[in-house]
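**Student:**
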Amino acid sequence: MRAILAETQIADRDASLEAIEAQQLLSSLQSLAQDAETGQRGYLLTGEKNYLLPYQHAVEALPALLKRIDEMFPAGSDRAQLVVGIKDALARKQAELAETIRLYDTGNSAKALDIVRGGRGKLDMDQIRANIDAIRRIDGASLASRAERMEQIEGWLRAGSFAALLGIFLLAIYTIRQSSRRFQEVATAQDALSAKNAALLSEIETREKAESQLRQVQKMEAVGQLTGGIAHDFNNMLAVITSAMNLAQRKLARGEHDVQSFVEAAADAAARAANLTARLLAFSRQQPLAPQIVDANRLVTGMSDLLRRTLGHTVEIETVLAGGLWKTHADPSQVENAIINLAVNARDAMDDKGKLTIETANCFLDEAYAAAHPEVKAGQYVMIAVTDTGAGMSPDIIAKAFEPFFTTKPVAKGTGLGLSQVFGFVKQSGGHVKIYSEPGEGTTIKIYLPRFTGPEEAAAPPKAIGRSDVPATETVLLVEDDARVRASTAAALLELGYTVVEAASGEEALRKLGENAAIGLMLTDIVMPGMNGRQLAEQARGHSHSLKVVFMTGFTRNAVVHNGVLDHDVHFIAKPFTLEQLAAKLRDALATP
């Protein structure tokens with residue numbers, strides 16, 4: 027009986043030591059995987075080869091370690107199944123690390139960073155940690171059970187020792203001492219495991235800090251590219267305006283009046299600056315939209331003449347329109363602008379000669395597609411696709427195509443804002459845009475706009491918009507807190523024939539509105555200190571229900587534009603505006619019943 031108990035105790039001791047060794051091996055495996063990932067992140071962040079030393083050490087050490095782990099976990103047990111999961115996740119993680127380093131070494135850092143941000147590697151590391159923790163729990167429970175059994179055996183041996191000879195008694199004492207030493211070894215091993223866990227937590231914190239720094243570097247690079255492009259284009263336009271105005275001033279000072287060409291050059295540069303601002307607002311998803319129920323088939327058909335004039339007769343245009351096409355809810359003018367932008371890009375890619383195909387279809391983007399494409403919601407969409415037979419794009423070009431100021435066109439042939447404007451409008455409308463292209467095989471760009479499922483509103487009768495060439499006779503209350511803008515806008519209103527009453531604040535405007543019953547329209551800025559334009563309009567209409575109101579602003583996040591969408595029945599004009607645009611907007615507002 028004593029021999030059987032001793033053999034049982036020895037078996038428990040060996041199993042406990044084996045479990046401890048297994049946990050140490052798994053901790054080493056986790057540490058090596060973490061070292062490899064930390065080295066890869068450091069290399070992608072800095073480009074310094076020294077950061078790859080931990081990665082290379084891990085790659086060299088892992089095969090021997092995995093072989094020893096296979097020996098420690100025989101097939102068929104729950105622990106062996108968990109080890110299989112660890113090895114699978116580790117293999118995927120190693121493949122990801124090697125691929126990102128290879129991409130970075132070949133100059134494709136953007137794609138390498140896209141893989142890192144994809145989160146697949148984090149899921150694999152989470153699986154490795156989870157499986158290791160599960161094995162630790164199994165081994166912990168086993169160690170506790172063996173420890174309890176060893177205590178029982180020691181009790182039995184002590185009880186037998188009291189009735190045995192002195193030699194047996196001495197053997198029992200020896201056994202107790204050995205058992206205590208073994209328990210001390212287990213406690214020491216557990217302390218070592220705790221220290222390893224603390225070290226792993228520290229490494230995880232370091233990795234998270236490195237990833238945060240990497241994200242910040244990427245943000246700063248994007249901001250630098252954007253501000254550089256804005257500064258370049260605006261400086262060019264300001265240079266034209268400044269030069270034209272200086273030359274005009276000099277000629278006028280000499281009594282010469284042939285300054286029309288300089289004025290036209292300055293006006294053209296100012297118009298291009300305003301267009302650049304509008305494109306940037308579109309990219310940042312802050313342009314004011316006026317969405318309506320849109321029949322894409324009817325819209326594309328109505329654009330046929332415009333497209334032919336824009337693209338020229340050397341480009342063959344084909345439309346493939348789906349039967350039973352769903353409706354969508356979007357700003358129709360922005361949908362047209364998006365199609366024109368894509369068509370012009372396609373024409374340039376085909377060197378003004380080739381075939382352009384515009385296609386519509388009903389589409390369903392499922393959960394799998396949405397999971398693979400951030401910001402995409404699964405559901406039903408109206409698809410508008412523009413396909414060309416041009417040179418196509420490489421994966422590197424596709425990855426940068428929507429970035430503002432990125433262009434492959436020659437100097438003076440493009441601003442690099444066309445696709446970014448399309449991207450911003452589609453995203454602001456809750457849709458999705460995707461490029462399909464290969465070098466030499468042409469390009470297809472698909473726009474997905476959400477399907478409209480609500481009741482269709484009856485089309486409103488066209489407004490009787492007054493002609494802008496008819497002399498104006500109305501009195502306009504102009505409300506603008508910026509004195510220079512107020513002065514220039516008042517001059518424009520006077521030029522159009524209106525009688526102008528000026529106010530610098532909402533309070534002053536209400537006072538002058540009460541003093542002058544002839545005021546028929548109020549042109550007001552929205553963003554003003556104290557009372558904003560919307561609040562002013564509400565109070566002003568309380569005094570005069572027939573008062574027409576036109577809002578103006580250069581800032582889209584304000585009281586009449588919410589999430590980029592104009593409030594219903596709001597007359598709005600964006601700064602800066604031309605004299606013709608102002609005249610048309612005021613006649614439109616005055617003609618509204």
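Under our numbering, read the sequence shown as residues 27 to 619, first letter to last. Glycine included, each C-beta is placed from N, C-alpha and C at the ideal position. Note that the structure is a prediction, hence the values are computed from the model and not measured.
Note down, in chain order, each residue of its chain lying with its Cβ closer than 6 Å to the Cβ of Q153, except the 5 sequence neighbours on either side.
**Tutor:** Answer for Q153: A115, listed in chain order.
**Student:** Ends of the alpha helix (DSSP H) at Y130?
**Tutor:** Taken as a continuous stretch (DSSP letters only), the alpha helix (DSSP H) holding Y130 covers 104-131.
**Student:** Give every residue of the same chain whose Cβ lies closer than 7 Å to the Cβ of H569, excluding the five residues on either side of it in the sequence, and list them in chain order.
**Tutor:** Counting only Cβ-Cβ distances below 7 Å, and skipping sequence neighbours, we find L539, G540.
**Student:** Just tell me which of L520, D140, L504, I423 has its CA closest to the CA of V464.
**Tutor:** Per the sequence shown, residue 464 should be read as Glu rather than Val. The option with the nearest alpha carbon to E464 is I423.
**Student:** Might you give, ordered along the chain, the residues of its own chain that have their beta carbon closer than 7 Å to the beta carbon of K403, omitting 5 neighbours on each side?
**Tutor:** The answer, listed in chain order, is A396.
**Student:** Is it buried or exposed, W182, if we count other Cβ atoms within 10 angstroms and call 16 or more buried?
**Tutor:** Burial call: exposed.
**Student:** Under 7 Å Cβ to Cβ from V9, same chain only, skipping five residues before and after it: list those, please.
**Tutor:** Here the chain comprises residues numbered 27 to 619, so residue 9 is not present and cannot be evaluated.
**Student:** Name the residue from L549, E500, T618 whose alpha carbon lies nearest to the alpha carbon of A600.
**Tutor:** The option with the nearest alpha carbon to A600 is L549.
**Student:** Taking C-alpha atoms, which residue in S103, M98, L616 lies nearest to S572?
**Tutor:** That would be L616, whose Cα lies nearest to the Cα of S572.
**Student:** With 16 as the cutoff for other CB atoms within 10 Å, does D40 come out buried or exposed?
**Tutor:** Per the 10 Å Cβ criterion, exposed.
**Student:** By alpha-carbon positions, which one of Q66, G418, A167 ends up nearest to R5?
**Tutor:** Nothing in the structure corresponds to residue 5, since the chain is present only between 27 and 619.
**Student:** According to DSSP, is M557 helix, strand or coil?
**Tutor:** If DSSP states are grouped into helix, strand and coil, M557 belongs with coil.
**Student:** If distances are taken between C-alpha atoms only, which option among V527, A544, H339 comes closest to L504?
**Tutor:** Closest by alpha carbon: V527.
**Student:** Evaluate G416 with the Cβ neighbour count: other Cβ atoms within 10 Å of its Cβ, from every protein chain shown; 16 or more gives buried, anything less gives exposed.
**Tutor:** It counts as buried.
**Student:** Rounded to the nearest angstrom, what separates Q107 and P100 at their Cα positions?
**Tutor:** Taking the straight line from one Cα to the other gives about 10 Å.
**Student:** Per DSSP, which one or two residues make a beta bridge with Q318?
**Tutor:** Beta-bridge pairing links Q318 to A356.
**Student:** Hey, K472 and K460 are a contact pair by Cβ (cut 8 Å); roughly how many whole angstroms apart?
**Tutor:** About 5 Å separates the two Cβ atoms, so the contact holds.
**Student:** Within this structure, are the beta carbons of I410 and T386 separated by less than 8 Å?
**Tutor:** Yes, they are a contact pair.
**Student:** Do you know how far the Cα of P481 is from the Cα of F577?
**Tutor:** Answer to the nearest angstrom: the Cα atoms are 30 Å apart.
**Student:** With DSSP run on the structure shown, which of helix, strand or coil describes V596?
**Tutor:** Coil at V596, not helix or strand.
**Student:** Just verifying my parser: in three-state terms, what is the DSSP assignment at I471?
**Tutor:** I471 falls in the strand class under three-state DSSP.
**Student:** My assumption, with CB atoms under 8 Å, is that P317 sits in contact with H355. Please give the rounded CB distance.
**Tutor:** Contact flag correct, Cβ pair sits at about 5 Å.
**Student:** Can A138 and A425 be called in contact, C-beta distance under 8 Å?
**Tutor:** For A138 and A425, no; Cβs fall outside 8 Å.
**Student:** Does the beta-carbon of S514 have 16 or more other beta-carbons within 10 angstroms, so that it is buried, or is it exposed?
**Tutor:** Exposed, because fewer than 16 other Cβ atoms sit within 10 Å of the Cβ of S514.
**Student:** Return the first residue and the last residue of the beta strand (DSSP E) that G380 is part of.
**Tutor:** Here the beta strand (DSSP E) through G380 covers 380-391.
**Student:** Looking only at its own chain, which residues have a Cβ that is under 7 Å from the Cβ of A322, when we skip the five neighbours before and after it?
**Tutor:** Once the five neighbours on either side are set aside, the close Cβ partners of A322 are L351, T354, T386, V408, I410.
**Student:** Between the alpha carbons of A218 and D140, how many angstroms are there, rounded?
**Tutor:** Taking the straight line joining both Cα atoms gives about 38 Å.
**Student:** On a CA-only basis, which of D377, G193, Q82 is nearest Q66? Give me that one, please.
**Tutor:** Cα-wise, what sits closest to Q66 is Q82.
**Student:** Exposed or buried, what is L70 when buried is set at 16 or more other beta-carbons lying within 10 Å of its beta-carbon?
**Tutor:** Buried: at least 16 other Cβ atoms inside 10 Å.
**Student:** Mapping the DSSP letters down to three states, classify D374 as helix, strand or coil.
**Tutor:** Helix.
**Student:** Per DSSP, what kind of secondary structure is T499 in: helix, strand or coil?
**Tutor:** Coil at T499, not helix or strand.
**Student:** Under DSSP, the beta strand (DSSP E) around E342 begins and ends at which residues?
**Tutor:** That run of the beta strand (DSSP E) goes 341-346.
**Student:** Which one of G349, T340, A364 has the shortest CA to CA distance from M329?
**Tutor:** Of G349, T340, A364, the residue nearest in Cα terms is A364.
**Student:** Using the C-alpha atoms, what's the distance from C389 back to G546?
**Tutor:** Cα-Cα distance, rounded: 49 Å.
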